[in-house]
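Position in the sequence shown (from 1) plus 51 gives the number in my numbering.
Notes follow the structure.
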Amino acid sequence: MIYRVLKAVLGPLLWAIWRPQVEGLDRVPDSGAAILASNHLAVFDSVFLPLVINRHITFIAKEEYFTGTGFKGRLTRVFMGLVGAVPVDRTGGDAADDALGTGRRVLSEGRLFGIYPEGTRSPDGRLYRGKTGVARLALQAGAPVVPVAMLNTGELQPIGKRLPGRGRVRIKIGRSLDFSRYEGMVGDRTVERAVTDEVMDALRELSGQDYVDEYAAKVKEKGQGS
């Protein structure tokens, strides 16, 4: 309910400020389960994508985003409600399983689940190696993967900037990827890597980003591209 209310109240304002331009919107299924796999350039990617799609999209977010106190804590909770996020404890060893479990539940209910295969924002605007969680989820749920490219959000909201600057947000949505040919092969690392790489290749073609065959989180740990 809060998702619909906040979108109805804040949506027109966000549209007026950032005037999203979307290509391929008709490629998002009108009904049924689907995984929206997007590149990740800015925090507000999780706002702009739900803004342009009529259906409810569920994302996962760190649990601490929902437990903060004071004005900032309340504002963060409202923000998470706006983007349809659900809390997941990502600090434990089972964090990945918890996230995938949430995705499976959402998809089993015939809804849309949003995921960033890179696992974190790009540190420098390039597209990084995808984690295989998107493949496991697609194979377990039997859901199609719809690639989504955020084209300029990183320019509007560089790392360290709290709010995006004025400018027209551009988004490009690709054709659904069907992985039913791999039915029953969940857990096969070669298959999961092949599925993930196919998703990332689709994102590379849509976004025009240079591809780096390395995990973005590792690059950030080494202090590169920041």
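Glycine included, every Cβ here is placed at the ideal spot set by N, Cα and C.
Quantities reported herein were computed from a predicted structural model and do not represent experimental measurements.
Comparing C-alpha positions only, which one of L92, V263 and A67 sits nearest to L207?
Sequence index remark: in the sequence shown, residue 207 carries index 156 (1-based). Cα-wise, what sits closest to L207 is L92.
Roughly how many angstroms lie between the CA atoms of I86 and D149, to the nearest whole one?
In the sequence shown, the residue the question calls residue 86 occupies position 35. In the sequence shown, the residue the question calls residue 149 occupies position 98. Their backbone Cα atoms lie some 17 angstroms apart in a straight line.
For G165 versus L100, is the C-beta spacing smaller than 8 angstroms?
As a working mapping, residue 165 is identified with position 114 in the sequence shown. As a working mapping, residue 100 is identified with position 49 in the sequence shown. The answer is yes: Cβ separation under 8 angstroms.
From A189 to L64, what does the alpha carbon distance come to, in whole angstroms?
For the purposes of this step, residue 189 is taken as residue 138 along the sequence shown, with counting starting at 1. For the purposes of this step, residue 64 is taken as residue 13 along the sequence shown, with counting starting at 1. The alpha-carbon atoms of A189 and L64 are separated by roughly 34 angstroms.
Rounded straight-line distance, which links the Cα of R55 to that of P168
Taking the first residue of the sequence shown as position 1, residue 168 is located at position 117. Taking the first residue of the sequence shown as position 1, residue 55 is located at position 4. If I take the Cα positions, the gap works out to 26 angstroms.
With a threshold of 8 angstroms, are at least 3 pairs of Cβ atoms found where one atom belongs to the stretch 179-186 and the other to the stretch 200-215?
no
Here's the rule I'm using: 16 or more other beta-carbon atoms within 10 Å means buried, otherwise exposed. How should R240 be labelled?
Locating residue 240 in the sequence shown gives position 189, counting from the first residue. Counting Cβ neighbours within 10 Å, R240 comes out exposed, since fewer than 16 surround it.
With 16 other CB atoms within 10 Å as the buried threshold, where does E272 fall?
One-based indexing of the sequence shown puts residue 272 at position 221. E272 should be labelled exposed.
Just to confirm, are N203 and R177 a CB contact at a threshold of 8 angstroms?
For the purposes of this step, residue 203 is taken as residue 152 along the sequence shown, with counting starting at 1. For the purposes of this step, residue 177 is taken as residue 126 along the sequence shown, with counting starting at 1. No. Outside cutoff.
If you drop the 5 nearest sequence neighbours on each side, which residues of the same chain put their C-beta closer than 8 angstroms to that of S277?
In the sequence shown, residue 277 corresponds to position 226, counting from 1. With a pLDDT of only 46 at S277, under 50, the local geometry of the prediction cannot be trusted, and no value is derived from it.
Verify whether the separation of the beta carbon atoms of V197 and T247 is less than 8 angstroms.
The count along the sequence shown starts at 1 and reaches residue 197 at position 146. The count along the sequence shown starts at 1 and reaches residue 247 at position 196. Cβ distance not < 8 angstroms, so V197 and T247 don't count as in contact.
Is the distance from the Cβ of V73 to the Cβ of I224 below 8 angstroms?
Translated into positions along the sequence shown, residue 73 becomes position 22. Translated into positions along the sequence shown, residue 224 becomes position 173. The answer is yes: Cβ separation under 8 angstroms.
May I ask which residues mark the beginning and end of the beta strand (DSSP E) holding K223?
Indexing the sequence shown from 1 puts residue 223 at position 172. Note, K223: beta strand (DSSP E), R221 to I224.
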